[in-house]
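Colleague: I have a structure I would like to understand better, so I am pasting it below and will then ask my questions one at a time.
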């Protein structure tokens, strides 16, 4: 059974603990398509992320722009500023 944690669901909001327990057991590092985010449910994983500093980032744009060929980067400068 695939569980998709969705905090927009009133049932999940009313009692999220069964869903968290199931995730800890079967999918402790869970991708939620509803939230478009990773959900970590184990203390040690959360602690590792919290102290990782620059090793882990939510910045999805920098890697994309770094992969753009140097000659084309100028055309993306305004977009990067706004995003």
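Residue numbers (my numbering): 733 to 815. Glycine included, every Cβ here is placed at the ideal spot set by N, Cα and C.
1) Taking the continuous beta strand (DSSP E) assigned at residue 764, which residues delimit it?
2) Excluding sequence positions up to five away, which residues of its chain have a Cβ less than 8 Å from the Cβ of residue 777?
3) Under three-state DSSP, which class holds residue 778?
4) Flag this pair as touching only if the segment 763-777 and the segment 794-801 have three or more C-beta atom pairs under 8 Å; answer yes or no.
5) I believe residue 745 touches residue 739 by the beta-carbon criterion, under 8 Å. Please report the beta-carbon distance rounded to the nearest angstrom.
Modeller: According to the data block:
1) 761-764
2) 760, 761
3) helix
4) no
5) 6 Å
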